[in-house]
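Visitor:
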Amino acid sequence: MTHAHTHTHTHDHDHHGEAEILDLDAQVLAEHLTALTGWLPVQAPPRRIVDLGCGTGTGTFALLDRFPEAHITAVDTSAAHLQRLREKACARGAEGRVRTVQADLDAADWPDLGSPDLVWASASMHHMADPDRALKAVHDLLVPGGLFAVVELSGFPRFLPGTAPEDRPGLEERCHEASDRFHAEHVPHRGADWGPKLTGAGFTVEDERSITVDIGTTDGSRSEAVGAYALGSLRRLRHSVAGTLVLEDLAALDRLLDTEGPNSLLRRDDLAVRTERTVWAARRTG
Ligand SMILES: C[S@@+](CC[C@H](N)C(=O)[O-])C[C@H]1O[C@@H](n2cnc3c(N)ncnc32)[C@H](O)[C@@H]1O
Numbered sequence: 027m028t029h030a031h032t033h034t035h036t037h038d039h040d041h042h043g044e045a046e047i048l049d050l051d052a053q054v055l056a057e058h059l060t061a062l063t064g065w066l067p068v069q070a071p072p073r074r075i076v077d078l079g080c081g082t083g084t085g086t087f088a089l090l091d092r093f094p095e096a097h098i099t100a101v102d103t104s105a106a107h108l109q110r111l112r113e114k115a116c117a118r119g120a121e122g123r124v125r126t127v128q129a130d131l132d133a134a135d136w137p138d139l140g141s142p143d144l145v146w147a148s149a150s151m152h153h154m155a156d157p158d159r160a161l162k163a164v165h166d167l168l169v170p171g172g173l174f175a176v177v178e179l180s181g182f183p184r185f186l187p188g189t190a191p192e193d194r195p196g197l198e199e200r201c202h203e204a205s206d207r208f209h210a211e212h213v214p215h216r217g218a219d220w221g222p223k224l225t226g227a228g229f230t231v232e233d234e235r236s237i238t239v240d241i242g243t244t245d246g247s248r249s250e251a252v253g254a255y256a257l258g259s260l261r262r263l264r265h266s267v268a269g270t271l272v273l274e275d276l277a278a279l280d281r282l283l284d285t286e287g288p289n290s291l292l293r294r295d296d297l298a299v300r301t302e303r304t305v306w307a308a309r310r311t312g
């Protein structure tokens with residue numbers, strides 16, 4: 027494990043296909059995202075939205091669809107992600123509604139992000155070196171009465187049944203146990219309870235909701251995206267666990283990841299996407 031691998035979360039790297047994973051996540055979980063944006067307890071349709079840690083624009087485009095009057099400022103450290111987001115905006119004819127800002131939200135001073143009435147941060151707040159400071163900055167940014175939606179994954183998605191692979195059952199869970207140990211050290215705020223943190227930053231937490239995702243591959247068109255999503259995710263997972271996994275497990279993981287081999291996970295017909303996302307809706311009341 028080299029040092030560079032441990033910092034994909036903070037700087038302008040697109041190691042190991044992060045952009046592809048973000049896009050596949052958007053594709054596979056599109057309906058769930060629509061449900062989440064539909065649920066947001068906005069008092070009036072927001073007109074100025076900020077998407078913090080926007081990645082390749084999954085939330086940005088879901089919010090543009092949900093709120094047709096809105097303009098969105100999409101913020102990320104990654105120039106490559108922002109470029110991809112702008113290309114998608116052009117392809118949709120929405121470039122006039124999206125502004126991208128490259129910024130490191132860990133920096134003491136944030137660039138001018140306007141006066142949003144909705145701020146959205148999906149799977150990005152846990153990357154902050156000092157999330158409490160970031161939450162306070164969002165509080166100050168929002169107009170009074172504005173809403174902050176924090177979306178977080180309760181863990182990485184699971185793709186394989188517990189019985190897989192046949193020669194090393196339970197492999198995926200063991201990979202996640204190793205990965206959790208890795209992330210506890212490198213991304214300590216992953217899996218945090220954001221409710222008390224939001225309250226501490228001055229917000230009134232109005233609602234919290236968890237959605238459980240369990241998508242099978244019976245639908246053929248989706249099965250290709252699920253396979254690609256599983257492959258990309260487990261490839262990334264391999265990077266965080268290669269140093270700690272027992273060799274037999276690492277070898278079995280490599281057989282799954284070998285798309286040319288007989289054990290390739292793309293040959294399996296029992297892949298699924300199982301994950302849980304939680305969203306906190308927090309209002310600036312003062
Ligand atoms: C897991 S991705 C989520 C992307 C997107 N919100 C989504 O839901 O698909 C996390 C994003 O946060 C960005 N990020 C991480 N640390 C950041 C920082 N300090 N400042 C700005 N963006 C950051 C990463 O570049 C990445 O695009």
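All residue numbers for the sequence shown refer to my numbering, where the first residue is 27 and numbers rise by one. Using N, Cα and C, we set each Cβ at its ideal position, and we do this for glycine too. Bear in mind the structure is a predicted one, so any value in this text is a computation, not a measurement.
Just the C-alpha distance for D166 and A204, rounded to the nearest angstrom, thanks.
Guide: 38 Å
Visitor: Taking 7 Å as the line, does the beta carbon of T99 fall inside it for any heavy atom of ligand 1?
Guide: Checking the Cβ of T99 against ligand 1 gives no.
Visitor: Taking 7 Å as the cut-off, is the beta-carbon of C80 closer than that to any non-hydrogen atom of ligand 1?
Guide: The answer is yes for C80.
Visitor: Whole angstroms is fine: what's the gap from S104's alpha carbon to K114's?
Guide: S104 and K114: Cα-Cα distance of roughly 16 Å.
Visitor: Hey, H215 and H265 are a contact pair by Cβ (cut 8 Å); roughly how many whole angstroms apart?
Guide: The C-beta distance from H215 to H265 rounds to 20 Å, too long to fall under 8 Å, and the pair is not in contact.
Visitor: For R110, count the other beta carbons within 10 Å of its own beta carbon; 16 or more makes it buried, fewer makes it exposed. Which is it?
Guide: buried
Visitor: Have a look at P288 and R281 and give me their C-alpha separation to the nearest angstrom.
Guide: 8 Å
Visitor: So, helix, strand or coil for E95, using DSSP?
Guide: coil
Visitor: Kindly examine ligand 1 and report whether one of its heavy atoms sits closer than 7 Å to the Cβ of T285.
Guide: Set against 7 Å, the gap from the CB of T285 to the closest heavy atom of ligand 1 is not smaller.
Visitor: If you compare alpha carbons, which of R235, H209, E211, R207 is closest to W220?
Guide: Looking at the Cα atoms, R235 is the closest of the given residues.
Visitor: Taking the DSSP output, what are the residues bridged to R125?
Guide: T99
Visitor: Of the choices L66, L173, T84, whose alpha-carbon is the least far from that of A45?
Guide: With distances taken between Cα atoms, A45 lies closest to T84.
Visitor: Where do the ends of the beta strand (DSSP E) carrying L179 lie?
Guide: 173-179
Visitor: Can you give the Cα-Cα distance for G228 and R248, rounded to whole angstroms?
Guide: 42 Å
Visitor: Considering only heavy atoms of ligand 1, does any lie closer than 7 Å to the CB of D138?
Guide: no
Visitor: Return the chain-ordered ranges of every alpha helix (DSSP H) run that is complete within the stretch 228-269 and spans a minimum of 4 residues.
Guide: If we require 4 residues or more, the alpha helix (DSSP H) runs fully inside the stretch 228-269 come out as 246-267.
Visitor: What would DSSP say about E57, mapped onto helix, strand or coil?
Guide: helix
Visitor: Among R194, R207, A298, which residue has its Cα nearest to the Cα of A277?
Guide: Out of R194, R207, A298, the CA that lies nearest to the CA of A277 is found in R194.
Visitor: Considering just the uninterrupted stretch of the alpha helix (DSSP H) at R310, what are its terminal residues?
Guide: R310 -> no alpha helix (DSSP H), and no H or E assigned at all.
Visitor: How would you write the range of the alpha helix (DSSP H) that W136 sits in, first residue to last?
Guide: Run containing W136: none; DSSP gives neither H nor E here.
Visitor: Is the Cβ-Cβ distance between Q53 and A308 less than 8 Å?
Guide: no
Visitor: Decide if A256 is buried, meaning its Cβ has at least 16 other Cβ atoms within 10 Å, or exposed.
Guide: buried
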